[in-house]
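All remarks here apply to the structure that follows.
Residue numbers (the numbering used here): 58 to 315.
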């Protein structure tokens with residue numbers, strides 16, 4: 058009869074495993090929160106269905122069919138809602154309850170915590186895209202950009218995620234939780250209504266040229282160009298890149314973990 062010896066192996070798990078575990082937890086928290094689901098799925102779907110129905114009833118005219126114009130805009134809205142609003146609110150309350158401070162003292166380094174949050178955002182955004190695309194197809198959407206357009210849209214969505222996530226972290230790292238909640242929702246509503254994310258900038262008349270510097274307009278422009286025309290919208294992507302850099306600098310400079 059042999060005797061097995063069990064030797065303890067203290068130490069942290071590999072970095073990749075810790076990040077995956079953190080990403081899974083962050084994803085579950087996002088999907089279990091009713092307010093986050095409202096921002097992530099319900100509002101974008103209602104905006105798409107309501108916009109298409111209103112365009113048909115009111116005979117609104119766009120350069121392309123209403124569903125082809127609105128679906129990329131709603132996809133952009135979904136990225137903004139998750140990467141900015143949901144992330145800012147969740148992070149703000151994690152700061153308030155001391156969760157970030159405790160996680161910062163765990164074996165998971167802060168870079169791993171951020172990587173886990175980003176991973177969760179990407180998972181939720183993929184689920185959003187599947188739901189919104191399914192609703193769009195049901196309404197008659199046909200992405201004329203083809204495979205190349207979808208690839209370009211993914212690039213735009215990733216840059217948009219980087220821009221809005223960095224801005225959301227910068228906001229949540231400076232303001233109190235309640236102020237973050239109010240500010241994030243206010244910015245979301247303002248950009249949804251007047252930030253040229255749902256509708257093309259041409260719908261805003263003379264203000265359209267000025268709106269191109271907003272990350273919401275840049276994200277909407279890039280997704281519409283990709284999914285409607287299969288084209289690379291270089292200027293909007295550069296705008297998103299600039300916002301991503303600016304947001305990252307602000308978050309690195311001013312973010313407080315407690």
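By construction, the Cβ of each residue, glycine as well, lies at the ideal position given by its N, Cα and C atoms. Please read these numbers as outputs of a predicted model, since none were measured by experiment.
Collapsed DSSP secondary structure at residue i in the structure displayed
i           : result
residue 119 : coil
residue 300 : helix
residue 312 : coil
residue 286 : helix
residue 232 : coil
residue 79  : helix
residue 74  : helix
residue 252 : coil
Residue i burial status per 10 Å Cβ neighbour count (16 or more: buried)
i           : result
residue 89  : exposed
residue 118 : exposed
residue 125 : buried
residue 185 : buried
residue 246 : exposed
residue 249 : buried
residue 263 : exposed
residue 138 : buried
residue 194 : exposed
residue 97  : buried
residue 169 : buried
residue 85  : exposed
residue 79  : buried
residue 281 : buried
Residues of its chain near residue i, where Cβ-Cβ distance is below 7 Å and the 5 sequence neighbours each way are ignored
i           : result
residue 230 : 308, 311, 312, 313
residue 150 : 234
residue 192 : 102, 105, 106
residue 178 : 139, 140, 144, 218, 222
Interface flag, residue i vs chain B, CB-CB below 7 Å
i           : result
residue 114 : No chain B is part of this structure, which consists of one protein chain only.
Sequence-distant residues of the same chain with beta carbon closer than 6 Å to residue i, five excluded per side
i           : result
residue 145 : 225, 228, 229, 237, 241
residue 197 : 124
Spatial neighbours of residue i in its chain, beta-carbon cut-off 8 Å, leaving aside the 5 residues before and after
i           : result
residue 207 : 200, 283, 284
Nearest-angstrom beta carbon gap, residue j and residue i [assumed within contact, 8 Å]
i           : j           : result
residue 276 : residue 244 : 14 Å between Cβ atoms; not a contact.
residue 274 : residue 304 : Their Cβ separation, rounded to whole angstroms, is 16 Å, which puts residue 274 and residue 304 out of contact at 8 Å.
residue 316 : residue 181 : Residue 316 cannot be examined here, being either before or after the span of the chain that is shown, 58 to 315.
residue 205 : residue 287 : 5 Å
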